[in-house]
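Here is the structure we will look at, set down as structure tokens.
In this note's numbering, the protein residues as written are -10 to 441.
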């Protein structure tokens, strides 16, 4: 009989070919000897249907939790106990969060307890937070819930290191995790070079305002947990390489700064409702068109550098915009900026611009960067009375303009004028090497500079 599958055995029971006790024993045997986790979990589910709330079933599940090595099978047993035997389960649940180090087990257990309306579940949650977060409670004056969140983050890292050691692979990443605490609450979490398997751990921080993660690829299905941290004001992430679109962020109504670098985005969308947003940085993506920004009426800084944009458009409603970065795109003409009366910094380096135009209405402009373009004539700047810094390096201005740069600087009342590396002897060579030079430029220049 044991050669039959779990489903076949259960079917025989329904057809009354075997009795209930025999069916239970066969399924228990499968749980003990089966190699595949799916088969064992399915057998547990069938047993749950057979047992109901029998005391014998509780003891079997309890024994399984204490002895089982396979994490997902243990989790299945824990879930059944919480559902059917919560009032009896205090000891086994306490043992679980005290002795089991797996952050997956702890996280799932906490989630299931949080969903339960039973008073016993609330008591267990408070006890669990104190026990799991004990190390951090000793170090910081924070809530037990936040301390538990910090402990789970640490366990994620320990789990990664443990896995690499088991596989005899070198632990090659240098990670950093920084926290800031304000009024006895975690306000900021900054993570670098750590891949987080589930962002659910960050829902433990009810007062979290700022979250930063850099240096590791993040998968789409893991990223969705971020939406639940609705009180966030600053969110910075990179490496969302599996994502092709921006979705769900419109639920985060308190966002003031959003930075999503080096990801797979091809389109600006999903930002409707972010009325408090002041800074948006979508640099180093695959965006082809400026769109989807009409509702961001309080936006002050927009960074869209290193994308695939070929036209300036979609900025009409951004009347409070002060800084605009469009460097490293495919823009051929300066236009559609007339409504940006408050714009102070404009970065258009490394594009395909051949003429300075479309700037007449930008009376507040203080800094303009048009380096690494194809400019040959110096015009279109007379009305910019507040302009202080003008960067025009790596263009094609003739010799007479270069030699007259001090006069130009004085005439425009500039504090800085950069005409470096203009008028190469071999223009064809210069065009061919432009991309290579720009790569070197970005490497040696801090991002805060080329992003205005």
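Just so you know, even glycine gets a beta-carbon here, dropped at the ideal spot from N, CA and C. These numbers were taken from a predicted model, which means no experiment stands behind them.
Got a sec, what are the start and stop residues for the beta strand (DSSP E) residue 406 sits in?
Locating residue 406 in the chain shown gives position 417, where the first residue counts as 1. Where residue 406 is concerned, the enclosing beta strand (DSSP E) stretches over 405 to 407.
Under 8 Å by Cβ, that's how I've got residue 298 and residue 319 pegged, so tell me the actual separation to the nearest angstrom.
The count along the chain shown starts at 1 and reaches residue 298 at position 309. The count along the chain shown starts at 1 and reaches residue 319 at position 330. Yes, they are in contact, since the Cβ atoms of residue 298 and residue 319 sit about 7 Å apart, within 8 Å.
Which of the three DSSP states, helix, strand or coil, is assigned to residue 181?
Counted from its first residue, the chain shown places residue 181 at position 192. Note: residue 181 maps to strand in three-state DSSP.
Give me the Cβ distance between residue 394 and residue 376, rounded to the nearest whole Å; I'm assuming they're in contact under 8 Å.
Here residue 394 corresponds to residue number 405 of the chain shown, with the count starting at 1. Here residue 376 corresponds to residue number 387 of the chain shown, with the count starting at 1. Wrong, their Cβ atoms sit about 15 Å apart, outside the cutoff.
With C-beta atoms as the reference, is residue 142 less than 9 Å away from residue 114?
Here residue 142 is taken as the residue at index 153 of the chain shown, counted from 1. Here residue 114 is taken as the residue at index 125 of the chain shown, counted from 1. No.
Just to confirm my understanding: we take residue 280, look at its own chain, exclude 5 residues before and 5 after, and list those with CB closer than 7 Å. What are they?
Along the chain shown, one-based indexing puts residue 280 at 291. Once the five neighbours on either side are set aside, the close Cβ partners of residue 280 are 257, 303.
Taking the CB atoms as reference points, tell me whether residue 351 and residue 373 lie closer together than 9 Å.
What you label residue 351 is simply residue 362 of the chain shown in a count that begins at 1. What you label residue 373 is simply residue 384 of the chain shown in a count that begins at 1. For residue 351 and residue 373, yes; Cβs fall inside 9 Å.
Under DSSP, the alpha helix (DSSP H) around residue 121 begins and ends at which residues?
The residue given as residue 121 occupies position 132 in the chain shown. Element bounds for residue 121: 108 to 121.
Tell me which residues share the same chain as residue 61 and place their Cβ nearer than 6 Å to its Cβ, disregarding the 5 neighbours each side in the sequence.
What you label residue 61 is simply residue 72 of the chain shown in a count that begins at 1. The beta carbon of residue 61 is closer than 6 Å to those of 26 in its chain, skipping five residues each way along the sequence.
Is it a yes or a no for the segment 66 to 84 touching the segment 47 to 58, going by three-plus beta-carbon pairs under 8 Å?
yes
Keeping to the same chain, check which residues put their C-beta closer than 6 Å to that of residue 340; ignore five residues upstream and five downstream.
If you number the chain shown from 1, residue 340 lands on position 351. Apart from the 5 residues on each side of it in sequence, residue 340 sits with its Cβ closer than 6 Å to the Cβ of 318, 320, 362 in its chain, given in chain order.
Report the rounded CA-to-CA distance for residue 418 versus residue 202, giving the unit in angstroms.
Here residue 418 refers to the residue found at position 429 when the chain shown is read from its first residue. Here residue 202 refers to the residue found at position 213 when the chain shown is read from its first residue. Because the pLDDT of residue 418 is 47, which lies under 50, any placement of that residue in the model is unreliable, and the number read from its coordinates should be weighed accordingly. Straight-line Cα distance between these residues: approximately 40 Å.
Kindly give me the distance between the Cβ atoms of residue 337 and residue 310, rounded to whole angstroms, as I take these residues to be in contact under 8 Å.
Within the chain shown, the letter at position 348 stands for residue 337. Within the chain shown, the letter at position 321 stands for residue 310. Between residue 310 and residue 337 the Cβ distance is about 14 Å, and since that is not below 8 Å, they are no contact.
Would you call the segment 237 to 250 and the segment 186 to 196 touching, i.e. three or more CB-CB distances under 8 Å?
no
Would you mind giving the Cβ-Cβ distance between residue 222 and residue 251, rounded to the nearest angstrom? I have them listed as a contact below 8 Å.
Within the chain shown, the letter at position 233 stands for residue 222. Within the chain shown, the letter at position 262 stands for residue 251. The Cβ separation is near 22 Å, so there is no contact.
With respect to 8 Å, is the separation between the Cβ of residue 28 and the closest non-hydrogen atom of the ligand GTP below this value?
In the structure on display, the ligand GTP does not appear, and there are no ligands present to speak of.
Given a cut-off of 9 Å on the beta-carbon distance, is the pair residue 34 and residue 73 in contact?
Here residue 34 refers to the residue found at position 45 when the chain shown is read from its first residue. Here residue 73 refers to the residue found at position 84 when the chain shown is read from its first residue. In this structure, residue 73 does not lie closer than 9 Å to residue 34 by Cβ.
Give the DSSP-derived three-state secondary structure of residue 195 in the structure shown.
Taking the first residue of the chain shown as 1, we reach residue 195 at position 206. If DSSP states are grouped into helix, strand and coil, residue 195 belongs with coil.
Return yes when the Cβ of residue 104 is within less than 9 Å of the Cβ of residue 122, no when it is not.
Locating residue 122 in the chain shown gives position 133, counting from the first residue. Locating residue 104 in the chain shown gives position 115, counting from the first residue. No, Cβ-Cβ distance for residue 122 and residue 104 is not below 9 Å.
Using DSSP bridges, identify the partner residues of residue 220.
The residue you call residue 220 lines up with position 231 of the chain shown. Bridge partners of residue 220: none, in fact.
Name, in chain order, the residues that DSSP records as bridge partners for residue 312.
Locating residue 312 in the chain shown gives position 323, counting from the first residue. DSSP links residue 312 through a beta bridge to 290, 334.
How many angstroms separate the CA atom of residue 3 from the CA atom of residue 67?
In the chain shown, counting from the first residue as 1, residue 3 sits at position 14. In the chain shown, counting from the first residue as 1, residue 67 sits at position 78. About 27 Å.
Cutting at 7 Å between CB atoms, please list the residues of its own chain near residue 170, excluding the five before and the five after it.
Along the chain shown, read from residue 1 onward, the residue named residue 170 stands at position 181. Contacts found: 129, 131, 176.
Using a Cβ-Cβ distance under 9 Å, would residue 25 count as near chain C?
Absent here is chain C; the protein component of the structure consists of one chain.
If you check the beta carbons only, do residue 332 and residue 306 fall under 9 Å apart?
In the chain shown, the residue the question calls residue 332 occupies position 343. In the chain shown, the residue the question calls residue 306 occupies position 317. No, the Cβ-Cβ distance between residue 332 and residue 306 is not below 9 Å.
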